[in-house]
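Here's the structure we're looking at; comments come further down.
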Amino acid sequence: MGRDKTLSSGTAPPDTLHTAGSSQDVLAWPWAATGEELKQRVQDVKVLAVGAGGIGCELLKTLVMSGFKHIEVVDLDTIETSNLNRQFLFRKRHVGKSKALVAAEAVKQMRPDIDITAYQGNVNESRFDVDFFRRFDCVLNGLDNLEARRHINRLCLAAEVPLVESGTAGYLGQVSVHIKGRTECFECQPKPTSKTFPVCTLRNTPDKPIHCVVWAKEMLFPLLFGAPEASDLHEAPPAGSGIDAAAVTRNIADDPSCYQRAEGESSTHFAERMFRHLYCTKINELRNMEDLWRSRRPPQALDLDALRMPAYGDGGDQPAAIEAGVPATASSACKELGLSDAHSVWNDQQNAAVFLRAVALFLDGRSHELGSAQFDKDDLLAVELVTAAANLRATCFGISRQSLFETKGMAGNIIHAIATTNAIVSGLIVVEAMKLLARSFASCQTSFLQVSGSKRLVSRMSAPEPSAACMVCSTAQARLVLNANKMSLQQLVDKVLKGRLALIAPSLWCGTFSYEEGEGLEEDEITRNRKLLLLPLAQLPGGGVVHNSILHVDDQEQCFKAQLIITHREDWDDEQHPEGFYLGGDLPPALTEPSVEAAISETASPNEDVVSLTSDDDGVAAEAAARPVAKRKAIEGNTDSSKRPRT
Amino acid sequence: MSGGMAAARLAEERKAWRKDHPFGYVAKPEVEADGSTNIVKWHCKLPGKAGTLWEGGMFPLTLEFSHDYPTKPPRVKFPAGFYHPNVFPQGDVCLSILNPQKGWRPSITVKQILVGVQGLLDEPNIEDPANECYRDFKRNRPQYDKTVKLQTKRYAAD
Ligand SMILES: [Zn+2]
Chain R
1 MGRDKTLSSG TAPPDTLHTA GSSQDVLAWP WAATGEELKQ RVQDVKVLAV
51 GAGGIGCELL KTLVMSGFKH IEVVDLDTIE TSNLNRQFLF RKRHVGKSKA
101 LVAAEAVKQM RPDIDITAYQ GNVNESRFDV DFFRRFDCVL NGLDNLEARR
151 HINRLCLAAE VPLVESGTAG YLGQVSVHIK GRTECFECQP KPTSKTFPVC
201 TLRNTPDKPI HCVVWAKEML FPLLFGAPEA SDLHEAPPAG SGIDAAAVTR
251 NIADDPSCYQ RAEGESSTHF AERMFRHLYC TKINELRNME DLWRSRRPPQ
301 ALDLDALRMP AYGDGGDQPA AIEAGVPATA SSACKELGLS DAHSVWNDQQ
351 NAAVFLRAVA LFLDGRSHEL GSAQFDKDDL LAVELVTAAA NLRATCFGIS
401 RQSLFETKGM AGNIIHAIAT TNAIVSGLIV VEAMKLLARS FASCQTSFLQ
451 VSGSKRLVSR MSAPEPSAAC MVCSTAQARL VLNANKMSLQ QLVDKVLKGR
501 LALIAPSLWC GTFSYEEGEG LEEDEITRNR KLLLLPLAQL PGGGVVHNSI
551 LHVDDQEQCF KAQLIITHRE DWDDEQHPEG FYLGGDLPPA LTEPSVEAAI
601 SETASPNEDV VSLTSDDDGV AAEAAARPVA KRKAIEGNTD SSKRPRT
Chain Y
1 MSGGMAAARL AEERKAWRKD HPFGYVAKPE VEADGSTNIV KWHCKLPGKA
51 GTLWEGGMFP LTLEFSHDYP TKPPRVKFPA GFYHPNVFPQ GDVCLSILNP
101 QKGWRPSITV KQILVGVQGL LDEPNIEDPA NECYRDFKRN RPQYDKTVKL
151 QTKRYAAD
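So the sequence lines, in the order shown, correspond to chains R and Y. For the first sequence, position 552 (counting from the first letter as 1) is numbered 552 according to full-length UniProt numbering, and the numbering increases by one without interruption. For the second sequence, position 11 (counting from the first letter as 1) is numbered 11 according to full-length UniProt numbering, and the numbering increases by one without interruption.
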C-alpha cells in the first residue's frame, strides 16, 4: 500500500520535517479534492482525533464516512446521561463507559473495514508523548479545555505534525489550521479565558450579579462547608505569622472562629447567625468604610426578622415540612419550601428562607462532607445555597437577582451545546484535514460560525502566518540524541551547550527542573545549581530529563533561545558518536543580547479584546478558542480555571 | 507547567530580573525540597522606602502566576494578617495594576509590580480600602503609625 512518503511520519527520518520544507503546493484546492490521489491518501494516512465528546462524535462519524481508514482517538471521559441528546454515537446502555471506546466501536459498525484504536486517557499523560504524536499525518482536536488544547499545540509543534483545532460555544464555532512555520500556532494570539475578578471587587464592591455568584460559590461555600483556609473570606491568620498580635489583630475584624459552629449550637441557629453576620454585620462594616462609597452606592444591611417567611414562625422554628417528618437528609431546600420553578426569581423573603434552610440541611444531612465539601453545579442543595446567598448579597448592593437556573449556569460556567454547531464544525475540520493531505497548504483557512442576522453563517479567512513574537512557536527546535542515564548535566552543559552551541551562561528548564549560570545569582542558588551538575540527566529533579523531554535553553549573556527535544538511547554507539550525543536540526547562532526588557514588551502582545469562544462538551463549559484580531467581537467565555484538564 | 506562553514569559522575566533589578529587592521562583523549581510561584522581598515608617523592613511577598499569565495578572500576597489599608486579611494586595478589569496589561513586568507594591506601602489608596485598619490611618494616625512601626520591626532586615 503506497503511503505517501512526505506525509507519513512513521517512515520519515528523524530530522525531516514533513510539514515545513515541503513547500510547493502540489495541487490547487478544490481540484485536489476530486483527484484519485487525494482519495488514496485519505485511505492511507493515519489521523489522531483528540476528544470523543460533542465535536468528537461528529468528527469520527464524518471521518469514516469520508473514507479515512486509520484513526486513533483519545478521551478521558465516561459517558453521562446528559451527553445523550447530542453525542449521538452513545446510547443509554453506554452510560458510565469510556467515550473513546464506545465511539470507536460505533463508527467501526458504520464502516467495518476501518482500523481504529481508542485510548481512554488524559492527553497530558506521558504515554502521549512526542513519539506518539509523530506517528500521525495530522491531529484533529475536538477538545473542551484550554489547557489540554495548549498542550496538544506544543506537542504538535515538537512532533512537527499539522493540527486542525476547533471549538464551539452554542451557535458559535471555529476551526483553524496550525502548521509549524507556515501558519500561526494555537498560542500566537492570547486566549482570554475565564473572567477572573479581583478580591477587592468580590469582597467589597460587587456591581454585577456574577460578582455575587462568584463570592457565594468560591468564598462563602468553602468557608461554611469546605476547607475554610481555601476561602478568601477566611480571616484567621495562620499560626506563627503573627506580628505583634495585640496590635495587629485590629486588622482582623472577626473572631476567627465565627464561621464555625459552636459546641451544641443547632443548625438552624448557626444558619441564622451566619445570615446576620454576612448580611448585617459585614455589610455594615463595609458601609462604614465611607471612602469606598464616595462614588458608589453604599450597601444596605438586611434585617433577618423582617424577612422571615411565615412558615418559620417567630422563634426560628423548623418549617412545617420538617416537623411532618421529612428526613434530615432531604436534598433540597426549595422542595421543602415549595419553590420548584427554577426559572422564577425569588424575593428577599424566599432567598432568606432558602439560605437558612439550605445551610441547616447541609449541616444536618451531610455532616460527613463538612470540611472538605466542594461546590458542584450538579449538587442541587449547593446550587440552592449559592443562588440564595448570591441574591441576598445582590439585594444589599442593589444588584439584580437571578433565578436558580441562571445562577447555576453562571456558577457552573454552562454554555448550552448545540449538536448542529458541532456537526458543521466537524465537517470543516475534515475539509481542512483534506487540504493538508493534498498539501494544498496555501488554501488552509480559519473558519468562524457566526450568528448575526443577514451575515453569512460561515465566514472564512486564510490561515494567518505565525507571529514572530510568539514565545511558543517562534523558538527554534532541534533533536538531541543521548543516553540520559549516563550523561551528566555537567557533560550536557560543557559538551553540548558550551561546546557545540557556543553558549556562555546557559539557563535550562524542563518542567520543574531548572539550572542557571552567570551573573545575578545568590550564593544559595549557585550552590544548588552546582549540586545538580553531578547528576545524570534522568535523575534531575522534577522527573528528570528523559526520552521526549523538551528542554528549554537560553543564555543569560547572549541572545539565544531553543528547545531541545531529547531522544534517549540506552545502547549508545561510542564509536559512531564519540562526543556522546547527536544534535539534529538547525539552530540559529547565539547573538549579542539586546535589552531583555525590550524583548518582553515586544512579545507581550497587548491584544486585550481578542475573543474567546467556549466550546462544548457536556453542555458544560469549556474553554476558549480565540479568533484572530481581524475578527474581533467580544463573546464572554466564563470558564472554571480550576477544572481538571480533560481530553 | 510543561512549557507554553506563561512559562516562557516567566523565563524571560527571570532573565531580566537577574540582569537588573532595584537595589535591595529579592524575587525568585520557589525551590522545592527535592531541588525542583516552581516557576509559577515567586518569593519576593520588598525593602521599605527610606524616610518612611516602613524603612528598615524587608517585607515578604509572593507572586502566584496562572496558566493564563500574562493575559491575567499574578496573584500578589503579603503574609496573612499584614497590616496595611489595601491588604485583605488573607494577604491579597488590592492595587489597580493588578486588576484585570482596570490597570493590568500583559506588558507589565515583575519589576514594575514590585515597585508598584513598594510604593503602595507608604501611600495607601484610601479610595479602595480593603479592611478596617484604614480607619486608624484616617482617624487615629498615632495608632496607625505605631502599628506599622511594630510591623516593620517584625520584618526588620537582618
Ligand atoms: Zn505561536
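Beta carbons: idealized from backbone N, C-alpha and C, even for Gly.
- Comparing C-alpha distances from Y:Y144 to each of Y:T109, Y:Y83, Y:G4 shows the shortest one belongs to Y:Y83.
- Closer than 8 Å to the CB of R:W293 there is not a single CB belonging to chain Y.
- In this structure, R:S488 sits near R:P536, with a CB-CB distance shorter than 8 Å.
- Contacts with chain R at 8 Å (Cβ-Cβ) include Y:R18.
- Taken in chain order, the complete alpha helix (DSSP H) segments of 4 or more residues contained in the segment 8–52 of chain Y number zero; there are none.
- Within chain R, the residues placing a beta-carbon under 7 Å from that of Y:K72 are T196, ordered along the chain.
- Contacts with chain R at 8 Å (Cβ-Cβ) include Y:A11.
- The contact set of R:P536 on chain Y, defined by CB atoms closer than 7 Å, is empty, because the minimum CB distance reaches about 14 Å.
- In this structure, the alpha-carbon of R:L302 lies about 22 Å from that of R:C200.
- Taking R:H70 as the centre and dropping the five residues before and after it, the same chain places the C-beta of K46, D115 closer than 6 Å to its C-beta, in chain order.
- Per DSSP, the unbroken beta strand (DSSP E) holding R:L163 starts and ends at 163–169.
- A straight line joining the alpha-carbon of Y:G51 with that of Y:G57 spans about 12 Å.
- Looking at the DSSP output, Y:Y134 shares a beta bridge with no other residue.
- Counting the other CB atoms within 10 Å of its CB gives Y:K15 a total of 16 or more, which places it among the buried residues.
- Within chain R, not a single residue places a beta-carbon under 9 Å from that of Y:A157; the smallest gap is close to 15 Å.
- Below 8 Å, too few C-beta pairs join the segment 365–380 of chain R and the segment 176–189 of chain R to call them touching: fewer than three.
- Taking CB atoms only, Y:I113 has no neighbour in chain R less than 8 Å away.
- Exclusion of the five residues before and after R:L89 leaves C57, A103, A106 as the residues of its chain whose Cβ lies within less than 6 Å of its Cβ.
- Put simply, the CB of R:T512 is near chain Y, with a gap under 8 Å to one of its CB atoms.
- R:I79 sits close to R:K99, with the two beta carbons spaced by under 8 Å.
- Membership of R:A423 in the alpha helix (DSSP H) is indicated by the continuous run 419–437.
- Contiguous alpha helix (DSSP H) elements confined to the segment 258–295 of chain R occur at 267–276, 282–287, taking only those with 4 or more residues.
- Contact check for R:W346 against R:N288 fails: the beta carbons are separated by 8 Å or more.
- In the DSSP assignment, Y:K149 falls outside any beta strand (DSSP E) and lies within the alpha helix (DSSP H) extending over 141–154.
- With fewer than 16 other CB atoms across the displayed protein chains lying within 10 angstroms of its CB, R:N85 is exposed.
- Relative to the non-hydrogen atoms of ligand 1, the Cβ of R:V546 never comes closer than 7 Å to any of them.
- The DSSP-derived three-state label of Y:W54 is coil.
- Our two residues, R:L497 and R:L503, have alpha carbons roughly 6 Å apart in a direct line.
- Less than 8 Å divides the Cβ of Y:E64 from the Cβ of Y:V40.
- Put simply, the residues with a CB less than 7 Å from any heavy atom of ligand 1 are R:E184, R:C185, R:E187, R:C188, R:P466, R:S467, R:C470, R:V472, R:C473, R:S474, in chain order.
- For R:P209, the uninterrupted alpha helix (DSSP H) run begins and ends at 209–214, by DSSP.
- In this model, R:T81 and R:M65 are separated by some 26 Å (Cα to Cα).
- With its beta carbon less than 8 Å from one in chain R, Y:T37 belongs to the interface.
- Under DSSP, R:D555 shares a beta bridge with R:P506.
- For R:L532, the chain Y residues whose Cβ falls inside 9 Å of its Cβ are G35, in order along the chain.
- In chain order, P198 make up the part of chain R whose C-beta sits under 8 Å from the C-beta of Y:L98.
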